[in-house]
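Below is one structure, written out as structure tokens; the observations come after it.
2 protein chains.
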Amino acid sequence: MNSIEKYNQRAEKINSLLCVGLDSDFEKLPERFKSLEFPQLEFNKWIIGEVHEYTAAFKLNSAFYEARGDRGIKELKMTMEYIVKNHPDIFTIMDAKRADIGNTNKSYISAIFDWLDFDAVTLHPYLGQEAVQPFLDRKDKVSIVLCKTSNKGAGELQDLEIVQSSTLHTLHKKLWQIVAEKVSKEWNKNNNCMLVVGATYPEEMKKIREISGEMTFLVPGIGAQEGSVEEVMKNGLNSEGLGLIIHSARGIIFSDNPKEEARKLCEEIRKFKGI
Amino acid sequence: MNSIEKYNQRAEKINSLLCVGLDSDFEKLPERFKSLEFPQLEFNKWIIGEVHEYTAAFKLNSAFYEARGDRGIKELKMTMEYIVKNHPDIFTIMDAKRADIGNTNKSYISAIFDWLDFDAVTLHPYLGQEAVQPFLDRKDKVSIVLCKTSNKGAGELQDLEIVQSSTLHTLHKKLWQIVAEKVSKEWNKNNNCMLVVGATYPEEMKKIREISGEMTFLVPGIGAQEGSVEEVMKNGLNSEGLGLIIHSARGIIFSDNPKEEARKLCEEIRKFKGI
Chain A
494 MNSIEKYNQR AEKINSLLCV GLDSDFEKLP ERFKSLEFPQ LEFNKWIIGE
544 VHEYTAAFKL NSAFYEARGD RGIKELKMTM EYIVKNHPDI FTIMDAKRAD
594 IGNTNKSYIS AIFDWLDFDA VTLHPYLGQE AVQPFLDRKD KVSIVLCKTS
644 NKGAGELQDL EIVQSSTLHT LHKKLWQIVA EKVSKEWNKN NNCMLVVGAT
694 YPEEMKKIRE ISGEMTFLVP GIGAQEGSVE EVMKNGLNSE GLGLIIHSAR
744 GIIFSDNPKE EARKLCEEIR KFKGI
Chain B
494 MNSIEKYNQR AEKINSLLCV GLDSDFEKLP ERFKSLEFPQ LEFNKWIIGE
544 VHEYTAAFKL NSAFYEARGD RGIKELKMTM EYIVKNHPDI FTIMDAKRAD
594 IGNTNKSYIS AIFDWLDFDA VTLHPYLGQE AVQPFLDRKD KVSIVLCKTS
644 NKGAGELQDL EIVQSSTLHT LHKKLWQIVA EKVSKEWNKN NNCMLVVGAT
694 YPEEMKKIRE ISGEMTFLVP GIGAQEGSVE EVMKNGLNSE GLGLIIHSAR
744 GIIFSDNPKE EARKLCEEIR KFKGI
């Protein structure tokens, strides 16, 4: 079983496409955790306990652990050990947004796939396939490539208009279309790629679904960034009623009632399933 | 004094544009270091002692420290403390190739600029200026944006042809040209940006020099990747005989005689200065 199947099995088992972001910024933790020996770990264990029944995937953004130096990295590792031991069927994503030249990526792979034991990592596409090939070669793991990101200024580069000329015709495409085509047609030889497609760009999501067939999208931008679950479900589901990992972090983990917020978002996803 | 001036002062003081990469991959360390309590730190201290007189900048690639988990991050921190204490005038670059959405970047900034105290960081451009603005807002630090990278497959995205249409005319440009224009004209309001331009693409370097005025380039690709110092100096120097940070890692730090290799590369740079 590769990791995409792991995600699909979990999503079908609990009838949810929800990914909870353990973006456990120390500054934002409830006071009762801040004085503990392992504040980020203990907060994560609490959140995991509250939300796991609604959760098909956990995404941990590396930045919030790196901010606390080696102590943060240690708690990231301890969190992963906790998840792998207690919830081995939940898909895990390190949102690290990495990508270096080939040789250097091997060290990132050691850290993210082997030492930390994540199922998936997010990657920048700018250096091209040749650079990230060591990630793609890991058939047991998933490479999630940034395609159309959720931020307001995403279009500055991603919406640039590209000309593709051949003897027969000239085509004009956006950069995100080219990334979607390349990743789905060329980078995905091992069937272990996904794409990042922001909930804030539903029209683009619809086109990326057409381009990429059954590929799975990691979808940030619900909640604080105001993307709509209905629009995401309408434009992003694949033909199997899967193909989406719908992410929410702040709106759940720093709410007054994480369990209730996770339940509500999961219910919303279920409501629109099959549209 | 902002950090670009720090680099320029050091480069002029020792008449060198050499940047030594402390890419201290544990697997490649000489055996005598591997059994020490802090193998990467001790190796770095040895290399720094050997090469510092020829060195205008040190670049540390995060991947090689992350590969050893929290222990590696601790040794990265100890290495930075050692450099800041003993060689405070040498410019320091964390080659982390980061970039996330705005809010998340603040945590990377805490880690890289504040906790580790690097002068500069490398960034992917794909998310756009709005996303990396928190980095750009740090006037005391330098953001080095990937423009034309040194790897063989760099062109897959970077050489895509972009159309820019206005009422007057239609222009065709490569993606790397757009990045060079945007960073030099729009992102660089605080005069604290640099560009990554690979030594393996001298023609592109020449054009990026024309586009970007006096901006400084971080230049990987000398040595193992076969870029030529002569070509880099001919195409990349700015009008002040500066504007280049010429990087070498493996060819120096894992050679039989790091001091001699650093001296030779520094001499080669001096030879072509003023061409």
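Taken in order, these protein sequences are the chains called A and B. Going by my numbering, the first sequence opens with residue 494, and the numbers climb by one from there. Going by my numbering, the second sequence opens with residue 494, and the numbers climb by one from there. C-beta: ideal position from N, C-alpha, C; glycine also.
Where do the ends of the alpha helix (DSSP H) carrying THR597(A) lie?
595-602
Contact with chain A by PHE557(B), beta-carbon distance below 8 Å:
yes
Report the neighbours of LEU639(B) on chain A: residues whose CB is nearer than 8 Å to its CB, in chain order.
TYR619 and LEU620
Quick check on the burial criterion: 16 or more other C-beta atoms within 10 angstroms. Buried or exposed for ASN750(B)?
exposed
Straight-line Cα distance separating PHE747(B) from LYS521(B):
8 Å
Below-8 Å beta-carbon distance, ASN683(A) vs any chain B residue
no
What is the DSSP secondary structure of ASN508(B), counted as helix, strand or coil?
coil
Compare the C-alpha of HIS580(B) against each of LYS570(B), PHE551(B), SER603(B) and PHE557(B) and name the closest.
PHE551(B)
Please report the distance separating the alpha-carbon of ASP593(B) from that of SER517(A).
16 Å
Outcome for SER805(A) when other beta-carbon atoms lying within 10 angstroms are tallied against a minimum of 16:
The first residue shown for chain A is 494 and the last is 768, placing residue 805(A) beyond what the model contains.
If you check the beta carbons only, do ASP607(A) and LEU553(A) fall under 8 Å apart?
no
From LEU735(A), MET571(A), GLU498(A) and GLY744(A), residue whose alpha carbon lies closest to that of ASP612(A)
GLU498(A)
Element boundaries [beta strand (DSSP E), containing ARG756(A)]:
Looking at the DSSP string, ARG756(A) is not in any beta strand (DSSP E); the run it does join, the alpha helix (DSSP H), is 751-765.
Proximal residues of chain A, C-beta to C-beta of ASN501(B) below 8 Å:
The contacting residues do not exist; ASN501(B) stays about 27 Å from chain A at best.
Return yes when the Cβ of LEU510(B) is within less than 8 Å of the Cβ of ILE738(B), no when it is not.
yes
Going by other Cβ atoms of all chains shown within 10 Å of its Cβ, with 16 needed for buried, is SER555(A) buried or exposed?
buried
Tell me which same chain residues have a C-beta within less than 6 Å of the C-beta of SER705(A), skipping the five on either side of it?
ALA673 and SER677
Tell me the rounded alpha-carbon separation between GLY562(A) and PHE531(A).
13 Å
Mind checking if ALA592(B) is an interface residue toward chain A, Cβ cutoff 8 Å exclusive?
yes
8 Å contact criterion, which THR615(B) and ILE586(B) should meet: CB distance rounded:
7 Å
Going by alpha carbons, who is nearest to MET687(A) out of PHE765(A), PRO695(A), ARG702(A) and PHE526(A)?
ARG702(A)
Might you give, ordered along the chain, the residues of its own chain that have their beta carbon closer than 7 Å to the beta carbon of ALA604(B), omitting 5 neighbours on each side?
none
I need the straight-line Cα distance from PHE584(B) to GLU649(B), nearest angstrom please.
32 Å
Alpha carbon to alpha carbon, how far is LYS538(B) from GLY744(B)? Give it in angstroms, no decimals.
18 Å
Where HIS665(A) meets chain B, residues with beta-carbon distance less than 9 Å
VAL656
Using only the alpha-carbon positions, how far apart do SER659(B) and GLY720(B) sit?
38 Å
Tell me where the alpha helix (DSSP H) around ILE746(B) begins and ends.
743-746
What in chain B is Cβ-close to ASN644(A), meaning under 8 Å?
ILE594, GLY595, LEU620, GLY621, GLU623 and ALA624
Cβ-Cβ separation, MET698(B) to VAL725(B) (assumed contact under 8 Å), whole Å
7 Å
Taking 8 Å as the CB-CB limit, is ALA604(A) close to chain B?
yes
DSSP state of ASP652(A) mapped onto helix, strand, coil:
coil
Would you mind working out which of ILE602(A), GLN622(A) and LEU735(A) sits nearest ASP633(A), comparing C-alpha positions?
ILE602(A)
Compare the C-beta of SER600(A) with all C-beta atoms of chain B and state if any pair is closer than 8 Å.
yes
Which full runs of the alpha helix (DSSP H) of 4+ residues lie inside the segment 521-555 of chain A, going along the chain?
524-527 and 532-544
State the beta-bridge partners of ILE566(A) as determined by DSSP.
According to DSSP, which records beta bridges pairwise, ILE566(A) is partnered with nothing at all.
What would DSSP say about ILE738(B), mapped onto helix, strand or coil?
strand
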